[in-house]
Amino acid sequence: MNLEQVRTLDAADRLRPVRDRFVLRDGVIYLDGNSLGALPKATAPHLAEVVERQWGEDLITSWNKHGWIDWPQRIAAKLAPIVGAKPNELLIADSTTVCLFKLLAAAVAAQPGRSSILTEEANFPTDLYAAQGLATLRPDVRPRTVPREDIPSAIDQDTAVLFLTHVDYRSGLRHDMAALNETAHAMGALTLWDLSHSAGAVELELNRSGCDLAVGCGYKYLNGGPGAPAFLYVSERLQGRLQSPLSGWMGHAAPFAFAGKYEPAPDIRRFLTGTPSILALAALDAGLDTFGGVAVADLEAKSQELTRFFIEAVEDRCGSETQLASPRDPKARGSHVCFAHPQGYAVMQALIARGIVGDFRPPDLIRFGFAPLYNGYEDAWHAADALAAILSTREWDRPRFLEWQKVT
Ligand SMILES: *Cc1c(COP(=O)(O)O)cnc(C)c1O
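Encoded structure:
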């Protein structure tokens with residue numbers, strides 16, 4: 001295949017026009033939208049409007065006049081088609097880790113007599129830490145970590161919650177959500193899914209696949225900006241049964257009654273804690289608008305095609321110099337791909353120096369995220385080319401590429 005043919009693929013891509021919704025600099029190929037989504041063109045003007053006109057001119061009246069008080073629900077509703085849930089099952093709140101902790105604690109409290117939080121060894125560290133932290137408050141509960149392949153058989157009558165990340169942040173391996181929900185439910189366990197590397201890139205059917213609880217990240221494929229608030233999902237059938245362990249006034253049935261006794265809101269709002277960050281919500285709102293008119297089936301199809309194309313291009317040009325560390329079957333993974341190289345960190349620094357931005361995950365993985373809204377075949381093509389050049393000339397072997405930075 002030559003560059004011209006690759007451009008034909010991009011021209012035929014149904015999602016191609018969506019790329020124009022983003023600020024993408026010439027000379028930079030951005031393959032890290034799975035870690036920090038690119039900036040939507042609409043974000044800066046929208047933030048300016050919220051800051052200058054709403055906050056600046058309308059001041060506190062904006063809570064009513066511009067409906068700020070309802071933004072956690074209003075903006076969450078935009079996620080409904082993206083994750084396959086009902087609008088009233090979604091809420092924007094806090095950060096991913098805080099939401100994970102809240103839902104995990106709520107789930108454990110709803111499962112008296114069951115003592116294990118079942119998760120996998122390779123889960124994202126913050127998920128493991130949240131479970132460990134909860135165990136310090138609930139000495140009767142312990143996290144139980146097992147290897148991935150042992151998960152189905154480890155679900156038993158003692159499992160309070162099955163707590164997994166849908167798409168693995170390193171390998172990109174994707175769990176069979178529906179099958180695991182079914183196994184968990186057969187044993188009376190609840191399920192909590194971390195969707196950080198799924199939402200906005202792969203097709204999700206939270207309702208249809210029987211999910212109980214889920215949390216996702218606002219700043220990755222959802223383009224909400226650095227440190228954007230997270231979203232949480234609580235199945236309608238559980239909303240009356242679960243309570244947030246961080247009970248605060250925004251989750252009260254009537255926050256402005258200023259009652260002394262906590263009484264949870266009857267609906268999803270009970271999972272709010274304090275006053276939402278309106279500026280952060282405004283940025284996430286613009287981020288979610290980049291999905292306007294896009295069918296998730298198209299997102300998933302493009303993500304699969306692009307990652308398949310990239311794997312082929314890398315293997316074709318790099319031979320045995322780097323090994324695929326993600327599943328080859330696109331249905332078995334998410335929208336990012338990892339390759340292993342003993343000097344992975346330096347290799348990624350050399351790529352970044354050439355304007356090809358991915359990231360590194362220990363022990364030896366170079367990671368490339370393909371955001372189906374704005375990445376194209378030409379991006380994948382140039383990235384594979386640059387990687388081949390860096391490996392064959394050992395361009396990575398320079399002192400400046402071996403210097404570790406705080407954020408990898
Ligand atoms: C990125 C990511 C998070 C992020 O958590 P924050 O609280 O937003 O820092 C959590 N879980 C997984 C699996 C992630 O990939």
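Residue numbers (full-length UniProt numbering): 1 to 408.
Here a beta-carbon is modelled for each residue, glycine too, at the ideal position from N, C-alpha and C.
All figures in this text were calculated on a predicted structure; none of them were measured in a lab.
The segment 270-278 makes contact with the segment 245-254: 3 or more CB pairs, one atom from each, lie closer than 8 angstroms. Classified as exposed, V23 has fewer than 16 neighbouring CB atoms from the shown chains inside 10 Å of its CB. The C-alpha of V167 lies about 7 angstroms from the C-alpha of H175. For C318, the shortest C-beta to heavy atom distance toward ligand 1 is 7 angstroms or greater.
Nearest to P17 by alpha-carbon distance, out of G293, S209 and G358, is G293.
For the pair of segments examined, the segment 129-142 was found not to touch the segment 254-266: the number of CB pairs separated by less than 8 angstroms stays below three.
Distances between the C-beta of K302 and the heavy atoms of ligand 1 are all 7 angstroms or more. In the structure shown, Y345 falls within a helical segment according to DSSP collapsed to helix, strand and coil. In the structure shown, the three-state DSSP call for G369 is strand.
In terms of CA proximity to N223, G33 leads the group E205, A109 and G33. A residue is called buried once 16 or more other Cβ atoms fall within 10 Å of its Cβ, and W68 is buried on that count. For C338, there is no enclosing alpha helix (DSSP H); the enclosing beta strand (DSSP E) has its first and last residue at H336 to A340. In the DSSP assignment, T8 falls within the alpha helix (DSSP H) that extends over L3 to A12. The beta-carbon separation of V161 and L90, rounded to 20 angstroms, does not stay under the 8 angstroms limit for a contact. Listed in chain order, the non-local C-beta contacts of G334 below 7 angstroms within the same chain comprise V167, G172, R174, H197, S198, A201 and V202, local neighbours out to five positions each way being set aside. DSSP places A230 in the uninterrupted beta strand (DSSP E) bounded by A230 to V234.
Secondary structure note for E182: it is in no beta strand (DSSP E), and the uninterrupted alpha helix (DSSP H) holding it is M177 to A186. Here the C-alpha atom of F231 lies approximately 7 angstroms from the C-alpha atom of C217.
Between the beta-carbon of A383 and that of I356 there is about 5 angstroms, and that keeps the pair under the 8 angstroms contact cut.
Looking from the CA of F368, the closest CA among G319, P226, G210 and L324 belongs to L324.
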